[in-house]
Structure formats: structure tokens, C-alpha cells
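Undergrad: Here you go, one structure.
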Amino acid sequence: PMSPPASTRYKNPATCDNIAPNPHHTHTMTTIYHAHVYFLPEQAAQAATLHATLAPRLPAGCWLGRLIEREVGPHTRPMFEIDFAEPLLPAVTALLEQYRDGLPVLLHPELDNEVVGHTTAARWLGEPLPLKLHTLRGA
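Going by the numbering used here, the first residue of the sequence shown is number 747, and it counts up by one from there.
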């Protein structure tokens, strides 16, 4: 289904500057976090298994994106994304630690300054990967 225009998506857009207009983001004042789970092309099957393992276990309110088998935006490997509100960060982090099986994960808040969000405000599980920071707001 088509998402509504950005102007109608939030009751009061002026108070939601810290939340990007992604259709799966509900009206909330809490900070939204993203978890990016990275994999190499030869790890695609492992990533698909992890994705299927996480799907029924993620807390209600999480959005689980599909596997993207190419580099997009600032990301230097294929990945899939989980979006969730900050109160779910401990639960999502624990699930990723339990099941990621060596795949690197970037956990970061969605901030107006995306460079800060993806660097000083971010946390890595496993190997930190380079990011194309010049693609982000605030670069």
C-alpha cells in the first residue's frame, strides 16, 4: 500500500524532527535506532538464516528489512536493517549478540547529524567496518 504523504504522516511534524519519515515509523517522540547486520556475498546464506531466526524473536514494534545484497548509502557491505525505538535497544542488542554468529552489526540512533549518529553515537558488535560518511547529513 502507498504510504501517506509526509505532511500527513505525523500528527505534529514540527515536533518530530528527530524521526525520519519512514512509513514504518509510528508517531513517537522517542529516538529511533537502526541495527545494520552486514555480510559478505559468500555469507548471504548465513545472513538469511540469521534474518529468519530473528524474525519471530524480535520484540513487537521492530521493523525488519529485507536482505539488500549490495552496498547502499554509507554501507560498504550488503546488509539488512532492523528499526526500533530506543527502549527496545537492550532486547535487540541481546538478540543480535546471541545469534549474529560473527556477522558485524552497527547499532546507531537516527540523529539530524547522521555522521555523529553513525560514529560517536554508534556501537559495533564485532568487527567495525568503514562507512562512506560523505554520503551522510552532517558530512
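Even for Gly, the Cβ is constructed at its ideal location relative to N, Cα and C.
Does Val838 come out as helix, strand or coil in the three-state DSSP assignment?
TA: Taking the first residue of the sequence shown as 1, we reach residue 838 at position 92. Helix.
Undergrad: Mapping the DSSP letters down to three states, classify Ala831 as helix, strand or coil.
TA: Against the sequence shown, residue 831 aligns to sequence position 85. In the structure shown, Ala831 sits in a strand (DSSP, three-state: E or B).
Undergrad: What residues in its chain sit with their C-beta under 6 Å from that of Ala885, if we drop five residues either side in the sequence?
TA: Translated into positions along the sequence shown, residue 885 becomes position 139. Cβ neighbours of Ala885 beyond the five flanking positions: Val861 and Leu879.
Undergrad: Can you tell me whether Leu875 is helix, strand or coil according to DSSP?
TA: One-based indexing of the sequence shown puts residue 875 at position 129. Coil at Leu875, not helix or strand.
Undergrad: Exposed or buried, what is Ala831 when buried is set at 16 or more other beta-carbons lying within 10 Å of its beta-carbon?
TA: Counting from one through the sequence shown, the residue named residue 831 turns up at place 85. Ala831 should be labelled buried.
Undergrad: What's the call for Pro787, buried or exposed, on a 16-neighbour Cβ count within 10 Å?
TA: Here residue 787 refers to the residue found at position 41 of the sequence shown. Exposed: under 16 other Cβ atoms inside 10 Å.
Undergrad: For Ala781, which beta-bridge partners are listed by DSSP?
TA: Walking along the sequence shown from the start, residue 781 turns up at place 35. The partner list for Ala781 (beta bridge, DSSP) reads Ile828 and Leu853.
Undergrad: Going by Cα to Cα distance, which pick from Ala791, His821 and Ala798 is closest to Leu842?
TA: Against the sequence shown, residue 842 aligns to sequence position 96. Of the listed residues, the one whose Cα sits closest to Leu842 is Ala798.
Undergrad: Does the Cβ of Val838 have 16 or more other Cβ atoms within 10 Å, making it buried, or fewer, making it exposed?
TA: Locating residue 838 in the sequence shown gives position 92, where the first residue counts as 1. Buried.
Undergrad: Check whether the Cβ atoms of Pro820 and Thr881 sit closer than 9 Å, and answer yes or no.
TA: Here the question's residue 820 lines up with position 74 in the sequence shown. Here the question's residue 881 lines up with position 135 in the sequence shown. Yes, these two residues count as a Cβ contact at 9 Å.
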